[in-house]
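First up is the structure itself, then whatever we jot down about it.
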Amino acid sequence: MAMFNWLAAWLGSTRDSRLAALNPPVAPDSHKNVHTFMTPEAYVIINPKPPVTSRFEQSPDFRSNGDVARKIDLMVLHCTEGSFLSAVAWLTAKDDTLVSAHYTVSKAGHVVQTVGINDVAYHAGGTKEKPSSWRGRGNINGRSIGVEIENKNDGLDPYTPMQLSVCLWLALRTCRQNNMTAEQVVGHEDVDPGRKTDPRNFPWPLFRTSLAVHLSRPGGIA
Ligand SMILES: [Zn+2]
C-alpha cells in the first residue's frame, strides 16, 4: 500500500509538473507572466510611472462643481503643439481664450496640474454648431479629465517612453478612481472628429493594451 501511495504521488506530481510547465502559475504582480493572457504580437507593454515632478498652478478657466463629486467617465488626450512651458503659461494665462486642461505632461515626465479633478476644464467642447460627443453623448468637458501631452502633433514628433509611462500612470489612476475601462481613455480626435487631429500618431494599441493589463491586476496605485 505504501508503495502504491508513493507511486500514485509520483505519477501525480509528474502529471502536475507537466501541467505546470505548460501553464506556469500567474503571480498577480509578475510582469513576465503578462503574456499568459495576451496575444503574441502584444507582448510588449509599457509600465506606469508617477510624474518625475508635479505641481499645481490654478488656471483661471474652469467651472467649479462645488462640493458635488463630478461623475467622470472619460479621459481625453491632447497635444500641446508648442513646448511644455509655453503650454503651461498659455493654460494659466488670464486672457479670454477660455481654454484649460487638468494635466500637462512634458516629454521628460514632469506634470503640471492646472484644474482640480472635480472642476470642469475647457479642453474638448467642440463648437457651438457641432459640440463634441463620444458614442452619441455630449457634455465632454463636464464628464472628462483633459490631459495635454507635450508634442507638436505633426505626426513625426515622437511621444517619449517616460511621457507614455506618466500618461499611463494618470490614466490608470483615473480609471481606478472612476471605474473606467481602457476604452474610456480617448483622443481629442475621437470626440471632435473632422475638426481635431490630436494626439496624432499616439500609440493607442500599446497604450490601451498596457492600461487594460494594469487595470486587470489587483492592488497597485490608488
Ligand atoms: Zn486637443
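Adding 160 to a residue's 1-based position in the sequence shown gives its number in our numbering. Positions of the beta carbon are idealized from the N, C-alpha and C atoms, including for glycine.
Evaluate Asp350 with the Cβ neighbour count: other Cβ atoms within 10 Å of its Cβ, from every protein chain shown; 16 or more gives buried, anything less gives exposed. One-based indexing of the sequence shown puts residue 350 at position 190. Result: buried.
What are the boundary residues of the beta strand (DSSP E) that Thr264 is part of? To locate residue 264, count along the sequence shown from 1; it is residue 104. Its beta strand (DSSP E) spans residues Tyr263 to Val265.
Helix, strand or coil for Ser214 per DSSP? On the sequence shown, position 54 is the one that residue 214 refers to. Here Ser214 sits in strand by DSSP.
Among Phe222, Glu217, Tyr263 and Asp317, which has the Cα closest to the Cα of Thr257? Counting from one through the sequence shown, the residue named residue 257 turns up at place 97. Of the listed residues, the one whose Cα sits closest to Thr257 is Phe222.
Which class does Gly347 belong to by DSSP, given the choice of helix, strand or coil? Residue 347 sits at position 187 when you count from the first residue of the sequence shown. Strand.
Looking at Asn225 and Val280, is the spacing between their C-beta atoms short of 9 Å? Residue mapping note: residue 280 aligns to position 120 of the sequence shown, counting from 1. Residue mapping note: residue 225 aligns to position 65 of the sequence shown, counting from 1. Cβ atoms of Val280 and Asn225: closer than 9 Å.
Name the DSSP bridge partner or partners of His238? The residue labelled residue 238 in the question sits at position 78 within the sequence shown. Its beta-bridge partners are Glu308.
Taking the straight line between their C-alpha atoms, what separation do you get for Ala202 and Lys254? Position 42 of the sequence shown, counting from 1, holds the residue named residue 202. Position 94 of the sequence shown, counting from 1, holds the residue named residue 254. The pLDDT assigned to Ala202 is 46, lower than 50, so where the model puts this residue is not dependable; a value taken from the coordinates is nonetheless given after this. Cα to Cα, the separation comes out at about 45 Å.
Roughly how many angstroms lie between the CA atoms of Val373 and Val345, to the nearest whole one? By 1-based counting over the sequence shown, the position of residue 373 is 213. By 1-based counting over the sequence shown, the position of residue 345 is 185. The straight-line gap from Cα to Cα measures roughly 14 Å.
List the endpoints of the continuous alpha helix (DSSP H) containing Val248. As a working note, residue 248 is residue 88 in the sequence shown. Where Val248 is concerned, the enclosing alpha helix (DSSP H) stretches over Phe244 to Thr252.
On the criterion of 16 or more Cβ atoms from any shown chain inside 10 Å, does Thr213 qualify as buried, or is it exposed? Working through the sequence shown from its first residue, we reach residue 213 at position 53. So Thr213 counts as exposed.
Are Ile300 and Pro359 touching if we call contact CB-CB under 9 Å? Position 140 of the sequence shown, counting from 1, holds the residue named residue 300. Position 199 of the sequence shown, counting from 1, holds the residue named residue 359. No, these two residues do not count as a Cβ contact at 9 Å.
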